[in-house]
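Peer 1: Before anything else, here's the structure in question.
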Amino acid sequence: MLLIYCECGRKAKSGARLYCESFPEGPHPTRQSILKVVKRLRETGCVTSRPRVRRPRIVGRKVQPEDVLAYSLAHPQSSTKMITVNCGLSNSRIWTILNELGAHPY
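This is the structure in structure tokens:
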């Protein structure tokens, strides 16, 4: 894509048109996508996209599945919501742990 862009005198619109003619099958880059790649190459020196910035994981107390099972056995009338509050895990994680261990929250 960058070679075609340079062949067309660094004109993205002409480059997009020539790319469509050169490679008729498959997806074709638009003028904007060619300009984004050129801009990224100039700024970072790399044409691949940047790694996604993710929200940092919350590092907390590691709750073992045995702790969840012990709590549910010690408090048989407790709901998964109560186990969630006391163990500090998500409700879906509580369900997963209990299902993996073959236990029921009720």
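Number 41 in UniProt numbering belongs to position 41 of the sequence shown; there are no gaps in the numbering. Note that beta-carbon positions come from the ideal geometry of N, C-alpha and C, so glycine has one too.
Answer with buried or exposed for T80, where buried requires no fewer than 16 other C-beta atoms within 10 angstroms of its C-beta.
Peer 2: With 16 or more other Cβ atoms within 10 Å, it is buried.
Peer 1: If you drop the 5 nearest sequence neighbours on each side, which residues of the same chain put their C-beta closer than 8 Å to that of L18?
Peer 2: Excluding positions up to five away in sequence, the list reads I4, E7 and C8.
Peer 1: In chain order, what residues of the same chain have a beta carbon less than 8 Å from the beta carbon of M1, not counting five sequence neighbours either side?
Peer 2: G15, Y19, P29, I34 and V37, listed in sequence order.
Peer 1: Under the rule that 16 or more other beta-carbon atoms within 10 Å means buried, what is V68, buried or exposed?
Peer 2: Flag for V68 reads buried.
Peer 1: Does the distance from the C-beta atom of P65 to that of I97 stay below 7 Å?
Peer 2: Closer than 7 Å, so yes.
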